[in-house]
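Here the structure comes first, spelled out in structure tokens, and everything after it is commentary.
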Amino acid sequence: MRPDDRKYTKTHEWVKLDGDSILVGITDFAVNELCSGNESDLVYCDLPDPGRELEEGETFGEIESVKAVADLNTPIAGKVLEVNISIEEHLEILSRDPFKDGWIVRLEPKSKSLDDPMLMDVADYEKLIAAEEPSA
Amino acid sequence: MPETWRLLTTWDGEPGFNMALDEALFLHGGSHPTLRFYTWKPTALSLGYFQKIASVPQGQRAALCVRRLTGGGAIYHSDELTFSISAPLEHPLYRGEVKGSYERIHAALAQAFAEFDVDAKMRGESSLSSDSEDSVMCFHHSTPLDLVWGARKGVGSAQRRSSGRVLHHGSIKFKATPFEPGVAGLHEHVPELAPAELALCIQRHFAERFCLAFTPTEIQPGEASHVRERAPFFTSEEFVASR
Numbered sequence: 066m067r068p069d070d071r072k073y074t075k076t077h078e079w080v081k082l083d084g085d086s087i088l089v090g091i092t093d094f095a096v097n098e099l100c101s102g103n104e105s106d107l108v109y110c111d112l113p114d115p116g117r118e119l120e121e122g123e124t125f126g127e128i129e130s131v132k133a134v135a136d137l138n139t140p141i142a143g144k145v146l147e148v149n150i151s152i153e154e155h156l157e158i159l160s161r162d163p164f165k166d167g168w169i170v171r172l173e174p175k176s177k178s179l180d181d182p183m184l185m186d187v188a189d190y191e192k193l194i195a196a197e198e199p200s201a
Numbered sequence: 203m204p205e206t207w208r209l210l211t212t213w214d215g216e217p218g219f220n221m222a223l224d225e226a227l228f229l230h231g232g233s234h235p236t237l238r239f240y241t242w243k244p245t246a247l248s249l250g251y252f253q254k255i256a257s258v259p260q261g262q263r264a265a266l267c268v269r270r271l272t273g274g275g276a277i278y279h280s281d282e283l284t285f286s287i288s289a290p291l292e293h294p295l296y297r298g299e300v301k302g303s304y305e306r307i308h309a310a311l312a313q314a315f316a317e318f319d320v321d322a323k324m325r326g327e328s329s330l331s332s333d334s335e336d337s338v339m340c341f342h343h344s345t346p347l348d349l350v351w352g353a354r355k356g357v358g359s360a361q362r363r364s365s366g367r368v369l370h371h372g373s374i375k376f377k378a379t380p381f382e383p384g385v386a387g388l389h390e391h392v393p394e395l396a397p398a399e400l401a402l403c404i405q406r407h408f409a410e411r412f413c414l415a416f417t418p419t420e421i422q423p424g425e426a427s428h429v430r431e432r433a434p435f436f437t438s439e440e441f442v443a444s445r
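Chains as they are written, first to last, in the numbering used here: chain A, 66 to 201; chain B, 203 to 445.
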């Protein structure tokens, strides 16, 4: 069971209120799509500079596995307060602990509400990924 | 009922044109996937999206460099057939793990190559004689998902996944190039094999294996406009030397 203390997007990001700020990360499902459980397949991560203003839905970074590049998007608008520099050097953190140590950016949000209808609770997110599993 | 895919062939395209057209198909391709076959004129070296240009000495020797939207190592686009697939990420060929999508696409390519008596397989866990740790070229590094024959890599491939869409690049070598010695090439098996003949064979196997009907098309006006605007960017110092 994934954590129920945050909201999820259909593009497999999560957002979590953490005091006055919001943490953004990607889910285990997103990580597994890229590396199929082989944490060494994650090879590079490009993260934004602190201070950058992000709009809702904006791409703020990119992650590369040995066979694919994927965008990192924020579902919440805000200013980048901090990036998790430890994952730049140790991408395996994203595979081992995507929901805690694998947070990617900390934002000062324009709104602290996570009531956006585009954001899902964990139960709805798990229904979504169950439907996304390939049938063949 | 076969699923309709768009088919686009553009022979001897300039490097910037080739990359800009793939970008147009990736960003604005619509709900029907597009299979595109192309070749390059002049030949050019393409850098992987994240590659540092300073780490690619071949960039000094190549007449022209572009940077791809897809990752991985550098490729010298000479004596090859290049293909791209642009599709919604929810398409059954691409939905889910990246690994599964390569398995499906490479199985179809291997079937096509078998027509030329090429026994192509995914590499699996064995290493290749074409691997070279010191090289930054795509064809000198392999993963278990790569399509190989004769213990050498013969197809370079990479994907970009963004905003619900996927761009899949594939580069199929006819023979080794000055920058990519020791790689597998289809001309070892069929010396006169032409890009158009190989493209037709691959198209046929994709159609059979995935139950597809291809509709040959021209470049659409919106795509042509995108290419005119963006082609210079892909060969520009701003992009090529951005890392």
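Note that beta-carbon positions come from the ideal geometry of N, C-alpha and C, so glycine has one too.
Residue i: contacting residues in chain A (beta-carbon distance under 7 Å)
i	result
residue 395 of chain B	What residue 395 of chain B touches in chain A: nothing, since even the nearest Cβ is about 26 Å away.
residue 301 of chain B	101
residue 190 of chain B	Nothing in the structure corresponds to residue 190 of chain B, since chain B is present only between 203 and 445.
Neighbour list for residue i in chain A, Cβ cutoff strictly below 8 Å
i	result
residue 360 of chain B	132, 133, 134
residue 304 of chain B	132
Where residue i sits in the DSSP three-state scheme
i	result
residue 84 of chain A	coil
residue 134 of chain A	strand
residue 244 of chain B	coil
residue 296 of chain B	coil
residue 342 of chain B	helix
residue 288 of chain B	strand
residue 191 of chain A	helix
residue 125 of chain A	strand
residue 314 of chain B	helix
residue 324 of chain B	strand
residue 374 of chain B	strand
residue 91 of chain A	strand
residue 411 of chain B	helix
residue 355 of chain B	strand
residue 216 of chain B	coil
residue 428 of chain B	helix
residue 256 of chain B	helix
residue 185 of chain A	strand
Supposed contact pair residue j and residue i - C-beta distance, whole angstroms, cut 8 Å
i	j	result
residue 224 of chain B	residue 286 of chain B	5 Å
residue 264 of chain B	residue 283 of chain B	Rounded, the Cβ-Cβ distance is 19 Å, inconsistent with contact.
residue 450 of chain B	residue 363 of chain B	Because chain B in this structure spans residues 203 to 445, residue 450 of chain B falls outside the shown range and cannot be described.
residue 294 of chain B	residue 233 of chain B	So it is not a contact: roughly 13 Å between Cβ atoms.
residue 358 of chain B	residue 277 of chain B	5 Å
residue 338 of chain B	residue 130 of chain A	In fact, because the Cβ distance is near 18 Å, the residues do not count as touching under 8 Å.
residue 133 of chain A	residue 360 of chain B	7 Å
residue 170 of chain A	residue 112 of chain A	7 Å
residue 318 of chain B	residue 388 of chain B	6 Å
residue 199 of chain B	residue 381 of chain B	Residue 199 of chain B lies beyond the residue range present for chain B, which begins at 203 and ends at 445; the question has no answer from this structure.
residue 312 of chain B	residue 355 of chain B	Residue 312 of chain B to residue 355 of chain B, Cβ: 14 Å. No contact.
residue 376 of chain B	residue 281 of chain B	5 Å
residue 255 of chain B	residue 426 of chain B	With a Cβ gap of about 29 Å, residue 255 of chain B and residue 426 of chain B do not count as contacting.
CB of residue i within 7 Å of CB of residue j, strictly
i	j	result
residue 87 of chain A	residue 110 of chain A	no
residue 268 of chain B	residue 217 of chain B	yes
residue 331 of chain B	residue 342 of chain B	no
residue 272 of chain B	residue 239 of chain B	no
residue 90 of chain A	residue 143 of chain A	no
residue 445 of chain B	residue 222 of chain B	no
residue 209 of chain B	residue 397 of chain B	no
residue 172 of chain A	residue 72 of chain A	no
residue 404 of chain B	residue 309 of chain B	no
residue 340 of chain B	residue 274 of chain B	yes
residue 368 of chain B	residue 251 of chain B	no
residue 226 of chain B	residue 428 of chain B	yes
residue 241 of chain B	residue 207 of chain B	no
residue 349 of chain B	residue 316 of chain B	no
residue 137 of chain A	residue 125 of chain A	yes
residue 414 of chain B	residue 204 of chain B	yes
residue 320 of chain B	residue 391 of chain B	yes
residue 288 of chain B	residue 228 of chain B	yes
Residue i: contacting residues in chain B (beta-carbon distance under 7 Å)
i	result
residue 109 of chain A	252
Beta-carbon neighbours of residue i, restricted to chain A and to distances below 9 Å
i	result
residue 347 of chain B	131, 132
residue 354 of chain B	What residue 354 of chain B touches in chain A: nothing, since even the nearest Cβ is about 18 Å away.
residue 444 of chain B	Those within 9 Å of residue 444 of chain B in chain A number zero; the least Cβ separation is about 11 Å.
residue 364 of chain B	124, 127, 134, 135, 136, 138
Closer than 6 Å: residue i CB and nearest the ligand ATP heavy atom
i	result
residue 344 of chain B	Absence of the ligand ATP is noted for the structure shown, with no ligands found whatsoever.
Is it true that the stretch 92–111 of chain A meets the stretch 150–160 of chain A, where meeting means three or more beta-carbon pairs spaced less than 8 Å apart? yes
Tell me whether the stretch 116–126 of chain A and the stretch 144–156 of chain A touch, counting them as touching only if at least three CB pairs, one residue from each stretch, are closer than 8 Å. yes
Touching by the beta-carbon criterion (3+ pairs, under 8 Å), the stretch 179–196 of chain A and the stretch 71–88 of chain A: yes
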